[in-house]
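**Student:** Let me begin by handing over the structure; questions about it come next.
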Amino acid sequence: MALIKLAFAGAVAYGLYRYAQRSSGGQTDHAAFAAGETNGTNFAKVRHAGPAAMRSDPTEWDKADQASDESFPASDPPGTY
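Residue numbers for the sequence shown follow UniProt numbering, beginning at 1 and rising by one.
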């Protein structure tokens, strides 16, 4: 009997979740990307380099940060360290 109650509670929770997702207006942007970075045909979910493509502004951003961000996902690190 406890298993049936647990299954019913899970089904109700899933239904409420689906209802909330439907009424929220669709998919939102991902947390790491600025608005518009992942919409459209960006199937790989890769953002452009630089702080302008980030959702939150970094506290400081120097030349090494920029070079590292531009080199991702390459295996070789940039020479500006």
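Where is the CB? At the ideal position from N, CA and C, for every residue including glycine. Computed from a predicted model, the values in this text were never measured in an experiment.
1. Glu60 to Val46, Cα distance in whole Å?
2. So the alpha helix (DSSP H) Glu70 belongs to, where does it begin and stop?
3. State the Cα-Cα distance for the pair Leu16 and Gly50, rounded to the nearest angstrom.
4. Just the C-alpha distance for Arg22 and Tyr14, rounded to the nearest angstrom, thanks.
5. Would you mind stating whether Phe33 and Arg55 have Cβ atoms separated by less than 8 Å?
6. Would you kindly work out how many angstroms separate the C-alpha atoms of Val12 and Met1, rounded to a whole number?
**Tutor:** Quick answer:
1. Approximately 22 Å, taken between the alpha carbons.
2. Counting along the chain, the unbroken alpha helix (DSSP H) around Glu70 starts and ends at Lys63 to Ser71.
3. One alpha carbon belongs to Leu16, the other to Gly50, and they sit about 39 Å apart.
4. Each residue's Cα considered, the two are about 12 Å apart.
5. Note that the C-beta distance between Phe33 and Arg55 is below 8 Å.
6. CA-CA distance, Val12 to Met1, rounds to 17 Å.
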